[in-house]
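Protein chains in written order, with the numbering used here: chain B, 27 to 447; chain D, 27 to 447.
By construction, the Cβ of each residue, glycine as well, lies at the ideal position given by its N, Cα and C atoms.
Here's the structure, in structure tokens; my notes come after.
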């Protein structure tokens with residue numbers, strides 16, 4: 027994923043202002059700026075992504091691609107996988123003659139090893155994917171160091187999904203099937219799982235509910251990632267279903283034997299109750315979704331305006347109706363990192379334009395993404411060279427641009443070289 | 027400064043990945059990403075820049091340019107100037123038919139008004155220029171909110187300056203004159219003031235000291251910005267001069283009558299003492315500089331490696347000698363935001379390539395600059411639109427690119443439009 031990016035070089039934000047020795051009232055110096063590695067990065071492996079967000083996952087890849095050494099704190103729920111992949115990385119680093127220490131991994135308690143890592147003065151940034159409680163605790167440690175460091179936590183989200191009336195009228199069954207699949211994808215253990223369906227009572231609503239109930243009843247339960255996740259899922263689901271005015275709607279009718287089976291389940295509640303009871307907004311990590319019945323557009327607007335930051339929001343709509351929901355869509359934009367139209371939030375494309383990270387508490391820092399090429403920016407900082415001789419500049423900033431990268435020269439974006447100045 | 031930037035649009039980091047409906051194993055959706063305003067920004071006006079870093083200064087300009095409303099906390103040392111400029115901004119906002127509330131200003135205690143502003147849930151970012159103590163206190167409030175927010179503090183720096191042996195041999199008087207001017211520029215009240223001169227005992231050293239003593243003796247004292255700054259300058263200078271092994275070298279011999287006159291002063295100390303006494307690294311805000319005498323290259327290296335983060339470092343050198351000081355220059359790069367060669371650190375050019383912000387404690391966040399067009403990035407966050415109809419996209423991401431901005435389309439940087447997809 028980072029190969030093209032690293033070769034293209036535009037991520038470096040190389041920028042050159044050439045000198046103007048005759049400028050009045052004072053000469054303008056030659057100044058050149060680019061991003062450099064921020065320093066050693068600690069990566070906390072995620073429980074729910076043994077590959078994509080762990081030892082050799084997105085955090086490690088982006089930190090290494092930016093030029094930083096990485097120290098991974100392995101996750102206790104997949105120690106074997108971590109060890110295998112860690113060895114492969116070390117072997118690759120040796121083959122590529124990378125410096126010793128470019129990658130290392132530690133096993134042990136997050137409370138002891140993890141906190142000690144964040145507090146180490148040589149560590150300059152941290153990537154984390156996990157729960158809100160753990161994320162905030164570690165964020166606080168990182169920000170309260172003598173030298174505070176950036177702490178990038180992706181802490182999950184309930185990913186609100188809206189169905190506008192025309193879409194509900196025209197394709198309730200289709201949307202219900204799509205959503206049922208997304209709710210149970212990976213046994214509901216994606217951080218972009220649609221955990222909250224915001225619905226208006228309108229034509230098609232009953233058909234939608236019937237089909238969703240049906241699809242969830244027919245869905246396949248599966249083994250969850252580990253016992254802790256399963257136990258939390260069961261406890262949180264049970265607690266939510268016991269809240270006043272929350273109605274159980276459906277669960278999978280298929281039986282699968284064995285431990286830690288997550289059974290897809292849906293429930294519903296009216297918007298007024300939802301607004302009054304903050305517990306109903308808590309993430310239930312697993313194959314579960316709560317339908318919030320809004321009696322009108324205004325109620326829907328209030329629900330959105332009271333919502334915390336989210337990784338994503340999803341809108342099912344017909345082209346004709348989006349303009350009359352401008353206020354609602356704008357309120358959503360202020361609260362999310364990515365808006366999906368007529369699709370599902372699960373499935374996070376790894377590309378330049380992906381934004382995986384939303385306003386707090388979805389992420390600790392909404393200014394960055396943890397998926398896609400933009401993730402590299404988390405582990406860099408700029409440096410400027412003023413009046414530096416061409417020979418002493420990094421290659422990225424030299425006149426001859428032999429790396430052929432995009433640079434902003436005297437306010438113009440270009441791949442040109444600079445001739446005889 | 028932001029006019030060209032806003033028109034050019036490359037700061038938005040607009041990026042488009044077009045759909046690949048036939049991709050295997052799953053279709054690729056259309057995803058488009060750009061930066062949007064982060065939300066209401068609080069700006070703490072600086073004491074030392076009544077214009078450039080206060081009411082209508084760099085923080086306000088960059089926050090407004092990014093599209094955010096701004097609330098300025100006026101600085102008590104220039105209330106009249108603040109009020110005049112605040113009125114001008116309000117008038118301009120009305121003339122341009124900006125929404126009410128795009129700019130406001132509050133007068134009063136930093137401890138009460140300032141802290142209340144940072145704690146307000148609607149505030150999404152803060153810009154600050156001032157002392158390390160105040161900066162850290164406010165940073166802690168911002169990071170300990172229920173929803174932590176970015177806090178950009180520029181907290182000053184002692185801006186180490188090195189003179190390599192060939193340069194010292196060939197032009198000691200010239201460098202001494204340049205530095206004396208820089209030490210006393212604005213009565214030493216620029217955050218890039220060269221407060222620390224790291225010198226090797228070598229040929230030319232004595233001539234340099236003689237000329238620096240001479241230039242400082244002849245320099246003009248002037249009124250400092252306010253009584254507090256003057257009193258701190260006097261107290262800190264006195265305390266430093268009383269430390270063991272610190273030798274007074276020279277001060278201005280010119281007499282100027284009146285209150286709060288800052289008298290340019292220089293002193294020197296040996297490197298071993300400097301390394302042993304952390305107090306000697308504290309910033310003395312005003313026209314003062316401390317010379318650290320290093321007996322060899324290795325001692326110089328150790329001094330740099332023990333140094334805290336700095337806004338700038340300055341190197342006087344001849345082209346022939348930089349390669350033999352690679353280790354030292356690299357150690358500097360890890361600790362500063364800008365390196366100046368054969369010039370002075372004062373005078374911060376406002377341009378694309380400026381980096382004004384260094385590793386902590388020079389700034390609270392070395393990933394951003396508070397001067398230059400890059401400052402706008404502090405007050406933005408990305409949002410991605412997935413499978414959004416062309417009509418519902420922001421103009422910056424629409425197929426037709428009618429704003430004619432740079433965008434990354436399918437990994438290529440271009441101003442092209444997208445045809446019929």
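Within the stretch 149-189 of chain D, the complete alpha helix (DSSP H) segments at least 4 residues long are 158-169, listed from N- to C-terminus. Separation of the CB atoms of residue 292(D) and residue 315(D) is rounded to 5 Å, and the pair is thereby assigned contact status at 8 Å.
Residue pairing from DSSP places residue 288(D) in a beta bridge opposite 248(D). Taking a beta-carbon distance threshold of 8 Å, residue 377(B) counts as an interface residue toward chain D.
Around residue 63(B), the same chain offers 92, 93 and 94 as residues with beta carbons nearer than 6 Å, after the five sequence neighbours per side are excluded. Residues of the stretch 423-440 of chain D that bring their beta carbon within less than 8 Å of a beta carbon in chain B comprise 432, 434, 437 and 439, in sequence order. Residue ranges of uninterrupted alpha helix (DSSP H) with 4 or more members, entirely inside the stretch 102-151 of chain D and ordered along the chain, are 105-121 and 141-145. By DSSP's assignment, residue 273(B) forms a beta bridge with 294(B). The beta carbon of residue 363(D) sits closer than 6 Å to the beta carbons of 337, 381, 383 and 384 from its chain, once the five residues preceding and following it are set aside; these are given in chain order. Put simply, the CB of residue 59(D) is near chain B, with a gap under 8 Å to one of its CB atoms.
Taking 8 Å as the CB threshold, residue 368(D) lines the interface with chain B. The beta carbon of residue 202(D) lies closer than 7 Å to those of 234, 237, 238 and 241 in the same chain, with the five residues before and after it left out. Among the CB atoms of chain D, none fall inside 8 Å of the CB of residue 361(B). Remark: fewer than three beta-carbon pairs, one from each stretch, lie closer than 8 Å, so the stretch 405-414 of chain B and the stretch 246-256 of chain B are not flagged as touching. The residue among 38(B), 220(B), 327(B) and 57(B) with its C-alpha nearest the C-alpha of residue 436(B) is 57(B). Contacts with chain D at 8 Å (Cβ-Cβ) include residue 373(B).
Taking all protein chains shown into account, residue 443(B) has fewer than 16 neighbouring C-beta atoms within 10 Å of its C-beta and is therefore exposed. Shortest Cα-Cα distance from residue 355(D) to any of 301(B), 420(B) and 377(B) involves 420(B). Assignment of beta-bridge partners to residue 338(B) by DSSP yields 364(B). In this structure the stretch 215-226 of chain D touches the stretch 365-378 of chain D; the number of beta carbon pairs closer than 8 Å is three or more.
Spatial neighbours of residue 276(D) in its own chain (CB-CB distance under 6 Å, excluding positions within 5 residues in sequence) are listed in chain order as 239, 242, 243 and 292.
Residue 431(B) sits in coil when the DSSP states are folded into three classes, being neither helix nor strand.
Annotation for residue 301(D): 328, 329 and 332 place their beta carbon closer than 8 Å to its own, counting only its chain and skipping 5 residues before and after. If only complete runs of 3 or more residues are kept, the stretch 216-260 of chain D shows the beta strand (DSSP E) at 222-226, in order along the chain. Distances from the alpha-carbon of residue 271(B) to those of 299(B), 70(B) and 199(B) put 299(B) closest.
Collapsing the DSSP output to three states places residue 419(B) in coil.
The beta-carbon distance between residue 72(D) and residue 80(D), rounded to whole angstroms, is 6 Å. This is short enough to meet the 8 Å contact definition.
When secondary structure is reduced to three states using DSSP, residue 77(B) falls in the coil class, being assigned neither helix nor strand.
If you draw a straight line from the Cα of residue 55(B) to the Cα of residue 429(D), it comes to about 32 Å.
Counting every other CB atom within 10 Å of its CB across the protein chains shown gives residue 281(B) a total below 16, marking it as exposed. Taking a Cβ-Cβ threshold of 7 Å, the residues of chain D close to residue 395(B) are 408, in chain order. Distance between residue 248(B) and residue 259(B), taken at the CA atoms: about 13 Å.
If you draw a 10 Å sphere on the C-beta of residue 417(B), you find fewer than 16 other C-beta atoms in it, and that means exposed. Around the beta carbon of residue 284(D), a 10 Å sphere encloses fewer than 16 other beta carbons of the protein chains shown; the residue is thus reported as exposed. Among the residues of the stretch 43-74 of chain B, those with a Cβ less than 8 Å away from any Cβ of chain D are 43, 52, 54, 55, 57, 58, 59, 62, 64 and 65, in the order of the chain. Linking residue 294(D) to residue 341(D) through their CA atoms gives a straight-line distance of about 19 Å.
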